[in-house]
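A.B. asks: In this note's numbering, the protein residues as written are 9 to 362.
A virtual CB, placed ideally from N, CA and C, is assigned to each residue, including glycine.
Note that the structure is a prediction, hence the values are computed from the model and not measured.
(1) Can the beta-carbon of residue 78 be found closer than 8 Å to that of residue 66?
(2) Would residue 238 pass as a contact of residue 218 if the rule is Cβ separation under 8 Å?
(3) On the premise that residue 135 lies in contact with residue 123, defined as a C-beta separation below 8 Å, what is that separation, rounded to the nearest angstrom?
(4) Taking all protein chains shown into account, do 16 or more other C-beta atoms lie within 10 angstroms of the C-beta of residue 362, making it buried, or fewer, making it exposed?
(5) Starting from residue 71, follow its DSSP beta bridges and name the residues at the other end.
(6) Which residues mark the beginning and the end of the beta strand (DSSP E) in which residue 252 is found?
(7) Following the continuous beta strand (DSSP E) through residue 233, name the residue where it begins and the one where it ends.
(8) From this set, 301, 332, 198, 317, which residue's C-alpha is nearest residue 348's C-alpha?
(9) Helix, strand or coil for residue 360, going by three-state DSSP, please let me know.
(10) Just how far apart, CA to CA, sit residue 253 and residue 206?
(11) In whole angstroms, what is the alpha-carbon distance linking residue 344 and residue 240?
(12) Kindly indicate which three-state DSSP category residue 355 falls into: helix, strand or coil?
(13) Straight-line CA distance for residue 278 to residue 178?
(14) Checking contacts by CB at 8 Å: is residue 124 closer than that to chain C?
Okay, structure coming up:
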């Protein structure tokens, strides 16, 4: 579990306890809200207090936390007017000093987007500019930097940065990986190919990126691959060069009927959250996609993604899932909250309610 990544949305802040040893914060199981490392035995809390303010507090035990710095900046977002479009901050040890930095977006002097890493003392450790994209949180359909993640995309010994930018309207997303050692682009992609050999659904293209990513190694090269689910395509691409590994269409989901949409041939799952895990312990990873309208589990093999099980349209979840071995048999179970019948404990291999 400590080598999986989860694309669960964060709150606007996270808790940091800095420690002297290196810890990739993204490996924390099931939580993007809390980030734990230690620095001088002190705990820190980083929070996006608004759409344009990042603050870092130092814990004072039972006393009120002490604010140690505040700078203009923002968390991940796709639309400043929607409460459902805020996805929090990111953190990791980007400079290899053993203590994580906070990764967020601000404006550069010319008004473009600047992705930067700031350490717990408030010093900028690293930054990269995207002058053609807005640094502030724009309205839906305007250009802006939307999502970012730290991962071992091109090196097993350092963290590099994945960034997704939106050029304008829907399907205009493009994504890059930044080599943090050279401070240059390792790769850039702007088109997702939804076609053979990855899928037999109707052939089309989409923008590249645009969703909160999950990270996991799907091709056994010890590097992080990137899993995306926007707008209605589940795509797994190589962190090393952006090449496509798996792509499956979820718009519509095969074998479904639309809900209150006679103009559609099936149910469209748009913007699901992804969890990656080897649920059946066969040595390969599965993808769980959760959404208020449906839950699906996918198997990935020979460039194809197939549905293992799913719920019916309208039978989704309103909360993030939990994963644990609840009965001590050595296999994981899923906790799904916000189902239409309440809470379910589910066998992730079959979808059977336990």
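C.D. replies: From the atom records:
(1) no
(2) yes
(3) 7 Å
(4) exposed
(5) 68
(6) 252-257
(7) 233-236
(8) 301
(9) coil
(10) 8 Å
(11) 21 Å
(12) coil
(13) 12 Å
(14) Of the protein chains in the structure, only one exists, and it is not chain C.
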